[in-house]
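Letter by letter, the sequence shown follows residues 1 to 239 of full-length UniProt numbering.
Data first, discussion second: the structure below is written as structure tokens.
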Amino acid sequence: MFEPVKAAFGEFMGGYYRSLAPTTKPMHEYVNRGLDKSIAWAPSRMVDAIEDMLASWQRNDTDSAPTRPAKMPVVFVAMARDLSAPSRDFTTQVADELSVIIPGDPKERHFKLRTLSGEIRTQVAFCAEDEPTVKSLAAQFGLWLDSPVNRRFYAGYTFAGIAKRWPVQIEDPGMVAMGIQTDSKNKNILAVDVTLRVTVPLFSAPKDGEPNDGKGTGPDDPSGYPLVVAVDTYPGELA
């Protein structure tokens, strides 16, 4: 249900990576290294496991060279397992089913729709061997968040073979980068918490054996609910 949000936030972080301006020597290498070797997903409790993540990263073979440790700096991203209901000033969940036709459906089938809303905590940790680099990475992330066009992005959901994008909003673009203490003197870590406000569509179609319009071909292309074509409101007038 929330995997599209995770994928969309990954793309969001990719945009941040492409926007970076190198301000230190390590950053010149970093911006040319490639996204897949520069930003990595971490376990949900990242701050507690950050040193383990760094150790694992250092053991990684990012350049197909077994004797060469993974390069620094690096950015880790984590998404918490918990989910909170959003405040009413953000949105209202659609708890009762609505009858809808998905825009762009060539078969114009009728489905039922509810929407689930929630807040997902994410964390971004910037790790570098020197303080100027880690501060630059974190500061430029704050700049990325502060752009109005980046305060909202979209997660893709597919139902009945039709893909649609649903909004994900940054709750507060303001940024506080917290210093994380480690046992190593040459590792500088700053962590930023970001809350994502999400809206998830929950579509439903007729179950097996229920009346349907017969327009579907299988589980990934279901039939819609049947429609009443005409109603005789005054049958007595035809007698």
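Cβ coordinates follow ideal geometry from the N, Cα and C atoms, glycine included.
These figures come from a predicted structure and were not determined experimentally.
- In the DSSP assignment, tryptophan 41 is bridged to Val77.
- In this structure, threonine 122 and leucine 196 form a Cβ contact; the two beta carbons are roughly 6 Å apart against a cut-off of 8 Å.
- Out of Leu190, Gly174, Ser184, Ser99, the CA that lies nearest to the CA of phenylalanine 203 is found in Ser99.
- With respect to the 8 Å criterion, lysine 187 and glutamate 129 are classified as neighbours on the basis of their beta carbons.
- For arginine 33, the closest C-alpha among the options Trp57, Ala8, Met72 is that of Met72.
- When the beta-carbon positions are compared, alanine 125 and valine 5 stay at least 8 Å from each other.
- When secondary structure is reduced to three states using DSSP, serine 136 falls in the helix class.
- The C-beta of serine 184 has fewer than 16 other C-beta atoms within 10 Å across all chains shown, which makes the residue exposed.
- For the pair phenylalanine 76 and alanine 40, the CB atoms are nearer than the 8 Å cut-off.
- For tyrosine 225, there is no enclosing alpha helix (DSSP H), as DSSP marks it with neither H nor E.
- Taking 8 Å as the cut-off, the Cβ atoms of serine 117 and valine 198 count as close.
- Here DSSP, grouped into helix, strand and coil, assigns aspartate 105 to coil.
- Boundaries of the beta strand (DSSP E) around lysine 164: 162-170.
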